[in-house]
Structures are given as C-alpha cells and as structure tokens.
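What follows is a short report on a single structure.
Residue numbers (my numbering): 1 to 451.
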C-alpha cells in the first residue's frame, strides 16, 4: 500500500519512498508506545518491587553491553547501501557474510567470558537479594546473556533493511515483536507464580529471537537472496573496510552515552535521588519531540547515502531545506510547551511536584540544539563523513562533567546547571555540522572536512 495522495511526478520516487517510510514508521511506533504504556501496570503487578528493580538494572546493563557491536550495524548499513546503489552484488553479499561472522566471534567471546565469570559472581550480593533469589539469578543470568547474544546477531537484519531504505519494515517488525511480548506478559501474569524473572526473560527475549530468526530466513530466501550470508563469501579484507567506519560510529556512541547517560549519576552524586526524578520530568515532557524527530530522520540516513553516491545534490538540498522547515514548526511547538509548561505539569502531575521554570527552559533549549544538529548529523552519518563529528563528540564528553561541577559547585546552580552544561557541551555541534554540510554539498570540502 502506498500513499496515493502524493503525486509521484511532482515529488520523485525517492521522496515518495521516504514519506511512506516516515508515515508507516510513525503509525507502528505510535502503536508501540501504546503497548509500552499498557505493559507498565502489568509489569508492576507481575513483579514485586525488588524483582522489578533487578529487571530494570539488568536492562540498563544490557543497553551498555549492546555497544559491543563496535558500531558494525551502522558501518554495515552505510557500506551495504553504497554497494547496492553501485550494483556491487558480490561485494554486498561478502559485506553481509563478514558482518555476521564478526558478530558471531564477538558473541562467542562474550558468552565464554560471562559463563566463566558467572561461576564466581554472587548475584545475590550484586543485587542485594535473598539466598533464594540468588540461586534463581544464577540460572537466569547465563540464559539472559545467551538470549541477548542471539538477538545481538539477529538484529543485523535491521541494518540490512535500513540499507535497502525500508525503515517502515523495521518499525513494523518491532511493533509485531512488542505485541507478542505484550500478549506473553499478560499470559505470564495469569499463570506464573514462581521463577518470574526467568519466565519474563523467556518471553521478553525469546519471542524477539524467534521472530527475527524467522524474518531473517524469509528475507534471505526471497527479497535478499542474492546477498544472503554464506561462510564461503566471508572476506577478511572487508573487515577493515567495515571497521574503518564502524569504529568511528562506536566512538561517537560511547561519547554520546557519556554525555546523555551521566547526568542522572551526576545529579545523584551532587544532590539526591529526588532531584533525579525532578530532572527527568521535563525530559519526559519534551521526549515526544525527540521521538517524532527520530521517526522523520531515521529513513533519511540511507536515503542521503544513496543520493550522495548518485551525486543527486539537488534532492539532498531539497530534503535538508524541508527538514529545516519542519524543524521551525517543531521549535514553535517546543516554545509553546515551555510557555504552558506550568499548566501542563499541574494537569499531568497535580501540585505535588514543582518543576523550576529555568529547568524547563534549559531542557527546551537542549531539545532545540540536539534536534537541529541532527539534521546535518544524519546527513554526515549517511555519507560516512564523521571524523569531525567524532572529535566534537569526544570534546563534548570531556567537558560535560567538569561544566556540571562548575555550575553547581561554583555558581550555586541546582539541577538546571546540569542540563545547561549539556547544552553548552553540544552547542558547537550544529554550527560545525552545518558548515561541513555546506562545504560538502557545494564541492568545497577538502582534508578533514571530507573524511
């Protein structure tokens, strides 16, 4: 099904494809948000506060471990899109096969290390639980790591779909997974009374593995048959080609994680857990803007790649101009939200929590800086010109924590000083990224500006 209301002759095939991607991705992700919202009370009823805390802690740790992909998913997405556009089918198949092989090696090492460490780790001590829970965790953790590792590999199909500019299929698959997990969670809440974390792991991680495995088999036997992975097409010379881009993405991911994940730890260190809650309220208020912006930008990553390879700079300029127009609308919405924030908080939370006006303003500024920056960051990511972005991200991650301490300790600011420090840390990114985009799109980039 396509959007018949759009005139293909006026907009062009690539633009139509991206609008369809954005439209259907938005629908699937909105349904996914509803499912996540509905699952929260079921989670809370199924698990007691102790087990729920353990599950959240484990999930946080796994999100860090996921960075062990070394950026290969993004590297494959770029290189595969490039070779598909150029019609290099054999190279494309070799890239896919080599990426799966590298992931297999990473996963194998991860499992061996963990199973060895699991012998000596007292999980009851780690999570501060009873002896009975400790015995259950001793069984749960290896199962969890094995399931997580399997999904680690199977998620590569999403990078391949992105390379083919099918973000809508990725969003649809994620929605289907969330729907099955939700149904499984409902079933667990009515039937399981023992070893709840173990069965929650089976449902939450087992269902995605089964689904992604079936999707991968289906796609590699049909749509992606020509690039299906095969041991005979693994080419170690492609490893350097993939890692040359992947490791830069990996470094940027680490730097971004330091910037955006350290704030809660810093607040907890300088203030108290109560201020962590206060800090996250305006973030949750504005997170819908990041959510919407990501839906729009995600399909454009590989679209920029393909257009750049074909030297279709006219389309790139039109796409970036369109994004700037949409960003202006988003900025107006952010400013309106800031203006009415007091009433929104009162309606949303009642009068029990008072969010400082300055904290809301700085959070809004943070959203404006990061969303505008991403217009050009996604273009640069798509074409793989990310060396400058790597240096900017590294610099931002280094100065962020000292700035936080400076504003709090020497200027006497509260939690609003933390988000102000983050704003200043990333403020140079949109300026540099915009300038690099200008140089590249006008064929003036040389040296580091084109690397």
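We treat Cβ as the ideally placed atom computed from N, Cα and C, and that holds for glycine.
Between residue 410 and residue 103, the alpha-carbon positions lie close to 47 Å from each other. Fewer than three beta-carbon pairs drawn from the stretch 119 to 126 and the stretch 79 to 91 are found closer than 8 Å, and the two stretches are therefore not classed as touching.
Segment contact: the stretch 321 to 338 against the stretch 33 to 49, fewer than three CB-CB distances shorter than 8 Å; contact not assigned. If you draw a straight line from the Cα of residue 419 to the Cα of residue 385, it is about 28 Å long. Proximity to residue 124 across 114, 307 and 136 peaks at 136, based on C-alpha coordinates.
With a threshold of 16 other beta carbon atoms within 10 Å, residue 171 meets it and is buried. For residue 248, the secondary structure class from DSSP, reduced to helix, strand or coil, is helix. Rounded to the nearest whole angstrom, the CA to CA distance from residue 302 to residue 354 is 43 Å. Contiguous alpha helix (DSSP H) elements confined to the stretch 287 to 330 occur at 300 to 309, taking only those with 4 or more residues.
The residue among 22, 426, 417 and 95 with its C-alpha nearest the C-alpha of residue 242 is 95.
In this structure, DSSP gives residue 340 a state outside helix and strand, which the three-state scheme calls coil.
Taking 8 Å as the cut-off, the beta carbon of residue 266 is found no closer than this to the beta carbon of residue 365. DSSP, reduced to helix, strand and coil, places residue 33 within a helical segment of the structure shown.
In summary, residue 231 is exposed, with fewer than 16 beta-carbon neighbours lying within 10 Å of its beta-carbon over all protein chains present. Between the stretch 423 to 431 and the stretch 444 to 451, the count of C-beta pairs closer than 8 Å stays below three; the two stretches do not touch. It is roughly 25 Å from the alpha-carbon of residue 186 to the alpha-carbon of residue 155. In the three-state DSSP reduction, residue 47 falls in the coil class, being neither helix nor strand. In the three-state reduction of the DSSP assignment, residue 389 falls in the helix class, which pools H, G and I. For residue 165 against residue 21, the beta-carbon gap comes to about 7 Å, under 8 Å, which counts as contact.
Each of 206, 196 and 153 was checked against the Cα of residue 181, and the nearest Cα belongs to 206.
In the structure shown, residue 228 adopts coil according to DSSP, grouped into three states.
Taking C-beta separations shorter than 8 Å and ignoring five residues to either side along the sequence, the partners of residue 280 in its chain run 264, following chain order. Following the DSSP letters along the chain, one finds residue 87 in no alpha helix (DSSP H), marked with neither H nor E.
Under the three-state reduction of DSSP, residue 356 is assigned to coil, being neither helix nor strand. In this structure, residue 35 lies away from residue 160, with their beta-carbon atoms at least 8 Å apart. Counted as a single uninterrupted DSSP element, the alpha helix (DSSP H) harbouring residue 172 occupies residues 167 to 191. Here DSSP, grouped into helix, strand and coil, assigns residue 441 to helix.
Between residue 275 and residue 85 the beta-carbon gap is near 49 Å, outside 8 Å, which marks them as no contact. Taking C-beta atoms as the reference points, residue 383 and residue 304 count as a pair closer than 8 Å.
Just so you know, the alpha carbons of residue 111 and residue 58 end up roughly 16 Å apart.
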